[in-house]
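First up is the structure itself, then whatever we jot down about it.
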Amino acid sequence: MPLDPRAERLIAMLAALDGGGVETPAARRESLRALALMADDATTTARTRDIDIPGPGGPIPLRLYAPEDAGTAPLPGLVFFHGGGWVAGDFETHDGLCRRLALAAGCRLIAVGYRLAPEHPFPAAFEDGVAATWWAAERAAELGVDPERLAVGGDSVGAGVAAAVARFARDVGGPPVALQLLICPILDTDAASRSRDDYGDGYFISRAAFRRDLADYLGRADPSDPRVSPLRDARLAGLPPAIVHTAEFDPFRDEGELYATRLRDAGVPVRRTRHAGMIHYFYAMARAIPYGREAAAMIGAELREAFEAPVEMMLEAG
Amino acid sequence: MEMAKVSIREQITRLVQGALAKRFGRVEVAPDANLTDLGLTSLDMVGLMLAIEDAFGIEIPQRRMTPANFRSVGAIEQLIATVSLAA
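Protein chains in written order, with this note's numbering: chain A, -1 to 316; chain B, 86 to 172.
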């Protein structure tokens, strides 16, 4: 399928000033916020509450989302990690997506304001992810979350954090993670793939921008460390069932799909979807790319189904 | 009482100032000032284009999304005039 015309317009807009501006971390954060403000809308209503929890490097802010009519009955929970290249991204940039997911999935969504690079390099994001997930599992009753149905998820590098947290929980006998939701995940920082070659420039995230983000987060750490590159883990058996969404024109498409394949080969139930004509981050820019709204609702609906019967649903998907 | 009429140039200037405000505080934006030099990034620029389309009810054709057309407030003003005329 060709590139979606709205995605194409967005890319043309980006290209109009490519290479301009001095992109300091502060500028990158502000730009992503400005983009979210203009490109997304949060028309979907959900209840939110902001809290801080203790973390390894100081308090971790959380934003708790619940469907308007949630009441106090236990619901499934999703601990959610936003994208933004480890350097940018926050509650504001992903507010629309979080609302849509919580509503469509009928779950309580726990958005994690993990520490950002370069102020907080690797493994800060991962460690905060672990702390937040463990906390959510411990306080499930208080949060109104069914501890048997607690998932982790995220988009872009946030999906990488989620996958790394799921893996760590398996390895150390941490809290049971019911599912992992990976939206356009970045799972192998050093990957060589067809999609990275084909869409590395001119498709929303340039090779140079990704390199810069990665350098800010990783510093001199090993890029193949599975805490940042979970695809490098040789053993994927025993990981939670996975819902994997990729975009056709996304440099990170192939690593997401390879992870799905390898999980399935390791006996992990997987449902995977490739969004034709779409680019990285399409799901968080619903006003600029209207299909993003539809896709987020669909991902949420899938999550709802998976919370009911993960294995059955994914086996059915084949 | 007559409402103050906000010119197109002023509306554009405010949108640009809005994009810069969080990082730099209030910035004076001369009509011919280079927006990149003022510190607008490419993501800011996308936000700005979407905001302009929204504010003026236009759709900027792809072939007009060039660095030259978004170089300054004055250039954007001219672009809006051209696009509105063509519509």
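Glycine included, every Cβ here is placed at the ideal spot set by N, Cα and C. Just so it is clear, the structure is predicted and the values come from calculations on it, not from any experiment.
- A residue is called buried when at least 16 other Cβ atoms come within 10 angstroms of its Cβ; Pro267/A meets this threshold and is buried.
- Looking at the DSSP output, Phe247/A bridges to Ile277/A.
- Among the residues of chain B, those whose CB is under 7 Å from the CB of Met11/A are Met130, Val131, Met134 and Met150, following chain order.
- When only Cα atoms are considered, Gln178/A and Ile161/B end up about 45 Å apart.
- Val143/A sits away from Ala130/A, with the two beta carbons spaced by 8 Å or more.
- By the rule that beta-carbons nearer than 8 Å mark a contact, Ala37/A touches chain B.
- Annotated three-state conformation of Thr271/A is strand, per DSSP.
- DSSP, read as helix, strand or coil, puts Ile287/A in coil.
- Looking at the backbone, the Cα of Leu123/B and that of Ala258/A are separated by about 44 Å.
- Close to Glu306/A, with beta-carbon spacing below 8 Å, lies no residue of chain B; the smallest spacing is near 38 Å.
- Here DSSP, grouped into helix, strand and coil, assigns Thr98/B to helix.
- At a cut-off of 8 Å between beta-carbon atoms, Ser154/A makes no contact with chain B.
- For Ile145/B, the three-state secondary structure derived from DSSP is coil.
- Contact check between the region 286 to 301 of chain A and the region 228 to 243 of chain A: three or more CB pairs, one atom from each, fall below 8 Å, which counts as touching.
- Selection Ser29/A, Asp252/A and Ala294/A evaluated against Gly83/A yields Ser29/A as nearest (Cα-Cα).
- Taking the Cα of Pro221/A as reference, the smallest distance to any Cα among Arg269/A, Glu292/A, His92/A and Thr187/A is reached at Thr187/A.
- According to DSSP, Phe78/A shares a beta bridge with Ala109/A and Gly151/A.
- Chain-ordered, the chain B residues with CB closer than 9 Å to the CB of Leu30/A read Leu128.
- Inter-segment contact for the region 30 to 37 of chain A and the region 275 to 285 of chain A is present: three or more beta-carbon pairs are separated by less than 8 Å.
- In the three-state reduction of the DSSP assignment, Thr91/A falls in the coil class.
- Excluding five sequence positions before and after His118/A, the CB atoms of its chain that fall closer than 7 Å to its own CB belong to Gly55, given in chain order.
- From the listed residues Ile181/A, Gly236/A and Ala293/A, the smallest Cα separation to Gly265/A is found for Gly236/A.
- Less than 8 Å separates the beta-carbon of Phe250/A from that of His278/A.
- Assignment of beta-bridge partners to Thr46/A by DSSP yields Tyr63/A.
- For Val150/A against Gly81/A, the beta-carbon gap comes to about 14 Å, at or over 8 Å, which does not count as contact.
- DSSP places Glu140/A in the helix class (H, G or I) of the three-state scheme.
- Within 10 angstroms of the beta-carbon of Met(-1)/A lie fewer than 16 other beta-carbons, which makes it exposed.
- From the beta-carbon of Leu33/A, the residues of chain B found nearer than 7 Å are Leu128, Val131 and Gly132.
- Where Leu164/B is concerned, there is no enclosing beta strand (DSSP E), although the alpha helix (DSSP H) around it starts and stops at Val158 to Ala171.
- Chain-order list of chain A residues neighbouring Gln147/B: Arg7 and Ala10, by C-beta distance under 7 Å.
- At a cut-off of 8 Å, the C-beta of Ala104/B has a neighbouring C-beta in chain A.
- In the structure shown, Pro228/A falls within a helical segment according to DSSP collapsed to helix, strand and coil.
- Assigned with DSSP and collapsed to three states, Pro174/A falls in coil, not helix or strand.
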